[in-house]
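Protein chains in written order, with my numbering: chain C, 183 to 575; chain U, 11 to 283; chain S, 12 to 307.
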Amino acid sequence: MLTAEAPATNVSLPATDRNEPARGGAVIALESLSKTYSEVVAVRDFNLPVEGGEFCTLLGPSGSGKTTTLMMIAGFVQPTRGRILINGSDVTRLPPQRRGLGVVFQNYALFPHMSVFDNVAFPLAMRHVPGAEVRELVARMLKIVELTGFEKRLPYQLSGGQQQRVALARALVFEPTVLLMDEPLGALDKKLRASLQLELKHLQRRLNVTVIYVTHDQEEALTMSDKIVVMRDGMIDQVGTPEDLYERPETAFVADFIGEANFVTGVVTATTAEFATIEHPAGRTIRGVCAHRFEVGAAAVASMRPEQLWLATGRPTGDDENALPGRVTEITYLGEAIKYHVIVGEARPRLAQTLVVRERARSDSARFAEGDAVHVVWPVTETRLLDGRDDVG
Amino acid sequence: MDRERSRLTVGNVPVRIAAWSGLAFLIGPLFVIVPVSFSSAQYLTFPPPGLSLQWYERFFSSSQWLDSVWVSLQVAVISSIASMVLGVLAAFPLVRTEFRGKMVVYAVILAPMIVPLIVSAIAIFFLFASLGLTGTVIAIAIGHTVVVLPVVVIIVTATLQAFDIRLEQAAISLGAGPLTAFRRVTLPVIAPGVVSGGLFAFLTSFDELMIPLFLGGPDAQTLAVRIWNSVILEIEPTIAAVSTFLIVLALLVLGLASLLQRIRPRSGLARSG
Amino acid sequence: MTLAEAQSSALAMVPADAAEKRATRRSLLLLAPALIFLAVFFAYPLFDMFGRSFEGPEGLTIAHYEAFATRTIYIRVLVITFQIALSVTLLCLAIGYPIAFVMANASPMVMRVMLVFILLPFFTSMLVRTYAWMVILSPKGVLVASIEAVGLGTPKLIYNRTGLLIGMVYTMLPYMVLTLFSIMKTIDQSLTAVAHSLGATAWQSFRRVYFPLSLPGVAGGSLLVFILSAGFYIVPRLMGGDRDQMLATIIAYQVDILLNWGFASAMAVILLAITLVLFGLYARFVGLRQLLASKF
């Protein structure tokens with residue numbers, strides 16, 4: 183066993199004359215990481231570089247393998263295949279206590295029998311940091327998470343948000359270069375979550391630590407991340423910045439999972455380098471921007487964000503715009519916007535589908551009423567053509 | 011309570027009377043014993059004609075009674091500690107590890123609870139008799155360890171099942187080795203469960219008669235055997251004094267256990283969503 | 012909670028590669044002390060006893076079993092054992108069902124008080140409780156005196172079947188109540204209310220809705236009490252009459268007084284076999300967990 187050896191540490195002593203721990207977030211590389219449980223593949227051929235100081239989020243529905251991936255990085259799950267590199271050195275076979283990573287668990291995993299101080303001091307005690315140093319480091323960390331004065335409390339005497347901060351302080355006090363977080367805000371109510379998201383982001387910037395964050399909440403991922411990894415069925419669907427994923431989804435799954443999207447399926451009839459035309463089975467053609475190269479005759483899905491769509495009484499004349507005729511079935515006021523549900527392709531019941539249109543509310547709001555015949559119109563440049571074999575939920 | 015009222019209609023008054031009579035039947039005898047132990051009469055009678063501490067005096071001045079308390083204490087302490095050690099060790103793989111034949115292992119460990127005590131007692135008696143080891147404290151303690159081990163395993167596995175393994179992982183991620191994590195995090199958190207398992211083991215061993223009846227001897231007579239012998243030979247109020255002592259012991263253990271139970275939810279997991 | 016599940020299954024570590032297999036083996040080592048201890052001091056003695064039951068003066072024999080099966084006195088003991096165990100079971104059910112029913116439907120406060128009433132005697136030394144009954148039921152005791160006082164004659168309440176049953180029902184009642192209670196607690200209280208609202212009378216809604224749902228508890232509690240009663244020694248020995256000899260009593264007698272270990276072993280094997288068969292039934296009816304839950 184390797185237990186006798188001291189755990190990995192980045193605590194440089196003495197650190198008395200520094201107000202702020204200076205550190206650089208570690209570079210992480212995951213190389214063809216796979217995990218199989220007897221027959222079930224939890225994670226398949228996972229490749230991901232994470233830059234130093236980056237806030238990287240693993241986003242996906244439950245069962246997508248994101249927690250398993252995080253646990254492999256933390257060292258609690260042994261990968262079946264592949265390597266994990268931190269700052270260039272292979273840690274795949276290193277036991278978790280020697281990886282020196284900060285981990286914040288779901289529900290925080292605060293030690294119930296220890297005070298706030300003892301919880302935060304725990305990693306320092308494991309590293310045999312002398313007492314005076316411990317007091318100073320803990321005090322500084324508690325100040326950062328704004329919990330000064332709570333040292334003697336036991337975890338059950340704290341609110342959910344406070345427990346979360348203690349967990350964070352505990353994971354950061356030994357100045358790890360990587361922080362792993364597993365749905366750390368999942369147990370909190372919406373409002374608290376929103377404020378903690380920003381705090382967390384600021385703290386990460388300030389301490390310049392590399393964060394790998396797991397969540398199933400796309401809004402949270404968009405708010406906090408530098409890079410989002412969308413996972414599905416143990417594989418990466420798409421990696422990109424929040425803007426990339428929202429504006430330029432590469433799969434229908436990503437378009438659907440992040441934000442809201444309308445989908446119209448069809449067969450490619452013509453392509454150019456950037457654009458392609460698909461024909462909807464009902465006979466209408468739709469032009470859009472290709473997410474990747476298409477062959478003529480291939481199945482494709484046109485994906486549009488509801489806020490890019492608007493309603494018109496007649497068919498527009500320009501060919502910069504796509505349009506589908508339909509009928510308004512439902513109108514919802516959202517305050518700053520109005521949401522219309524429009525059924526299109528009613529003539530052929532099997533092909534009928536509902537599009538969601540989100541128009542900004544204007545003074546002459548509700549220009550349309552339920553039952554009105556309308557055209558749903560949107561720009562060709564805001565139409566993304568995605569692989570049609572991909573099933574859309 | 012509204013819900014209760016909606017349930018408890020006419021037919022329920024007799025049912026309630028029956029229930030509380032049943033409970034009176036259960037608790038009543040304990041209220042007979044305690045007064046008898048303070049009786050001033052020289053013979054056994056209820057209700058006692060007057061009060062005195064003579065039977066307690068007799069109990070505390072009799073080396074026979076006190077010796078048997080000492081033997082019982084030794085047996086109970088050894089068997090509860092031994093069963094706690096064996097039980098805690100076994101509980102970990104039973105809860106944490108998936109392996110084939112787990113149900114068989116469970117069955118083996120819980121079997122002493124299923125096999126009638128008289129059968130276990132004579133079987134173990136035959137073993138120690140052939141080794142010439144009957145009549146010793148250690149023989150009784152071993153017998154009792156067999157009998158109380160299932161109790162401890164049940165309580166400790168239940169405790170361990172409720173333990174959030176992420177606490178242990180958190181400790182390890184913070185730099186603790188597996189053993190340190192166990193010692194500083196897992197053990198303190200499951201301690202109330204382990205201790206209440208030990209308490210029940212202690213009480214069970216203290217009361218159990220069959221094992222010491224067969225495995226004991228003149229030099230190793232537990233309190234239970236001493237009571238048994240005097241109940242068979244003569245019924246006199248000293249036993250009532252001893253009994254009162256044992257009732258207090260049961261109360262104490264029950265109280266302690268429920269106190270430990272109350273610690274647990276507090277120190278359990280962080281509030282979950 | 013699917014995430015937590017995914018995680019815990021991830022941690023359970025179904026052996027996939029060598030490192031995990033090694034970890035599994037290491038953790039299984041922790042079972043060794045308990046299993047070795049039980050093998051030496053429990054399993055071996057039982058096997059030894061089994062072997063002993065076939066041992067005669069000249070080698071292997073089934074003489075002990077033959078003796079048991081052919082002598083009326085032992086058959087009588089077996090019959091009496093079953094008779095008593097059955098009576099105790101039925102009496103416990105009759106007394107215990109209302110207790111568990113009221114307890115399961117009481118407010119939390121009342122429920123706690125009732126539980127103390129059950130658990131305190133349950134955890135008090137069995138000898139003490141038996142002794143208390145001997146005091147109460149003794150011919151010069153308060154109960155006989157008061158029955159005499161109201162002119163109902165002078166009943167004999169101890170050292171006969173009556174005393175035996177009182178003592179055994181008293182000892183077994185907590186097992187019955189706790190098993191019933193553990194099942195009844197899980198019965199949705201609104202179900203009987205629904206039955207009421209559908210026009211059932213109180214009795215109908217009990218008989219057609221509540222009682223069928225409590226049957227697992229009835230079956231479990233009954234089998235548990237029967238099993239424990241069949242192997243019981245202390246109360247029959249102290250409170251029963253000469254004609255109420257049960258299996259456990261004569262096993263002890265064979266060991267202690269007659270020193271006939273072979274025959275005692277054979278009878279112990281028979282008792283064990285009966286218990287295991289009943290327990291098999293129990294496991295099928297209620298499942299292992301229930302037995303454990305009701306016992307502690």
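Just so you know, even glycine gets a beta-carbon here, dropped at the ideal spot from N, CA and C. Note that this is a predicted model, so its numbers are computed, not measured.
Expressed to the nearest angstrom, what Euclidean distance is found between the alpha-carbon atoms of Ala204/C and Val232/C?
Only weak support is given to the placement of Ala204/C: the predicted model assigns it a pLDDT of 42, under 50, and the value that follows is read from those uncertain coordinates. Distance between the alpha carbons of Ala204/C and Val232/C is about 20 Å.
Using the C-alpha atoms, what's the distance from Phe237/S back to Asn116/S?
One C-alpha to the other measures close to 26 Å.
Tell me which residues share the same chain as Ile147/S and place their Cβ nearer than 8 Å to its Cβ, disregarding the 5 neighbours each side in the sequence.
Cβ within range, chain order: Val153, Leu154.
Please list the partners that Ala95/U has in chain C, where partner means a Cβ-to-Cβ separation under 8 Å.
Note on identity: in this sequence residue 95/U is Val, with Ala being the wrong assignment. What Val95/U touches in chain C: nothing, since even the nearest Cβ is about 21 Å away.
Might you give, ordered along the chain, the residues of its own chain that have their beta carbon closer than 7 Å to the beta carbon of Ala277/S, omitting 5 neighbours on each side?
Excluding residues within five positions, the ones whose Cβ falls inside 7 Å are Ser64, His75, Tyr76, Phe79.
Using a Cβ-Cβ cut-off of 9 Å, state whether Pro203/C counts as contacting chain U.
Caution applies to Pro203/C, whose pLDDT of 43 falls short of 50 and renders its modelled position unreliable; the value that the coordinates give is listed next. It does not: the Cβ of Pro203/C has no partner Cβ on chain U nearer than 9 Å.
Report the rounded CA-to-CA distance for Leu89/S versus Val95/U, giving the unit in angstroms.
Distance between the alpha carbons of Leu89/S and Val95/U is about 40 Å.
When you check each C-beta in the segment 268–288 of chain C against every C-beta of chain U, which residues fall closer than 9 Å?
Within the segment 268–288 of chain C, the residues whose Cβ lies closer than 9 Å to some Cβ of chain U are Pro277, Pro278, Gln279, Arg280, Arg281, Gly282, Leu283, Gly284, Val285, Val286, Phe287, Gln288, listed in chain order.
Could you say if the segment 176–194 of chain U and the segment 285–292 of chain C meet the contact criterion of at least three C-beta pairs nearer than 8 Å?
Yes, the segment 176–194 of chain U touches the segment 285–292 of chain C.
Would you verify that the beta carbon of Val204/U is, or is not, closer than 9 Å to some beta carbon of chain B?
The question asks about chain B, but that chain is absent: this structure's protein chains are C, U and S.
Buried or exposed: where does Gly465/C fall if 16 or more other Cβ atoms within 10 Å of its Cβ makes it buried?
It counts as exposed.
Going by DSSP, what residues sit across from Val538/C in a beta bridge?
Answer is His523/C.
Who are the Cβ neighbours of Leu243/C in its own chain at under 7 Å, not counting the five residues just before and after it?
Just to set this straight, residue 243/C is Pro in the shown sequence, not Leu. If we look at Pro243/C and ignore the five residues flanking it on each side, its Cβ neighbours are His398.
What residues in its chain sit with their C-beta under 7 Å from that of Gly60/U, if we drop five residues either side in the sequence?
Excluding positions up to five away in sequence, the list reads Ser50.
How many angstroms separate the CA atom of Ala555/C from the CA atom of Arg509/C?
Between Ala555/C and Arg509/C, the C-alpha separation is close to 5 Å.
Cβ of Val98/U within 9 Å of Cβ of Val204/U?
Taking 9 Å as the Cβ cut-off, Val98/U and Val204/U qualify as a contacting pair.
Spell out whether any CB of chain S is found under 9 Å from the CB atom of Leu266/U.
No, its Cβ sits nowhere closer than 9 Å to a Cβ of chain S.
Can you pull the chain U neighbours of Arg63/S, defined as C-beta to C-beta under 7 Å?
What Arg63/S touches in chain U: Phe136.
Assign Thr169/U to one of three DSSP states: helix, strand, or coil.
Three-state result, Thr169/U: helix.
Starting from Arg509/C and walking both ways along the beta strand (DSSP E), at which residues does that stretch end?
Note, Arg509/C: beta strand (DSSP E), 503–515.
Secondary structure at Met363/C, three-state DSSP: helix, strand or coil?
DSSP places Met363/C in strand when its eight states are reduced to three.
Would you call Asn229/C buried or exposed, if buried means 16 or more other Cβ atoms sit within 10 Å of its Cβ?
Per the 10 Å Cβ criterion, exposed.
By how many angstroms is the C-alpha of Leu234/S removed from the C-alpha of Thr19/U?
Only weak support exists for where Thr19/U lies, its pLDDT of 45 falling under 50; the value from the coordinates is given anyway. So the alpha carbons of these two residues sit roughly 31 Å apart.
Examine chain U for any beta-carbon lying closer than 9 Å to the beta-carbon of Met60/S, and answer yes or no.
By this cut-off, Met60/S is an interface position.
Assuming the contact rule is C-beta atoms closer than 8 Å, Trp75/U and Arg236/U should be a hit. Round their C-beta distance to whole Å, please.
Confirmed, Cβ separation roughly 6 Å.
Taking the alpha carbon of Leu382/C as the reference point, which residue from Ala452/C, Arg281/C, Arg347/C, Ala307/C has its own alpha carbon closest?
Ranking the options by Cα distance to Leu382/C, first place goes to Arg347/C.
From this set, Arg532/C, Thr453/C, Ala494/C, Glu552/C, which residue's C-alpha is nearest Ala481/C's C-alpha?
If we check each option's Cα against that of Ala481/C, Thr453/C comes out closest.
Just checking Ala181/U against the ligand FAD - is the residue's beta carbon closer than 8 Å to any of the ligand's heavy atoms?
You won't find the ligand FAD in this model; it holds no ligand whatsoever.
So, with DSSP's three-state summary, where would you put Pro463/C?
Here Pro463/C sits in coil by DSSP.
When the cut-off is 9 Å and only beta carbons count, does Leu362/C lie next to chain U?
So, interface residue.
Am I right that Val161/U and Phe216/U are in contact with their C-beta atoms under 8 Å? What's the rounded C-beta distance?
That belief does not hold up - the Cβ atoms of Val161/U and Phe216/U are roughly 13 Å apart, past 8 Å.
My guess is that Ala230/U and Ile150/U are in contact by the Cβ rule of under 8 Å, so how many angstroms apart are they, rounded?
Their Cβ separation, rounded to whole angstroms, is 6 Å, which keeps Ala230/U and Ile150/U in contact under 8 Å.
What runs of the alpha helix (DSSP H), each 4 residues or longer, lie entirely inside the segment 197–272 of chain C?
Counting whole runs of 4 or more residues, the segment 197–272 of chain C contains the alpha helix (DSSP H) stretches 248–256.
Looking at chain U, is there any beta carbon in it that lies within less than 9 Å of the beta carbon of Leu389/C?
It does not; no Cβ of chain U falls within 9 Å.
Assuming Leu170/U and Phe255/U make a contact with CB atoms under 8 Å, what is their CB distance in whole Å?
The pair is not a contact, with the Cβ atoms about 34 Å apart (cut-off 8 Å).
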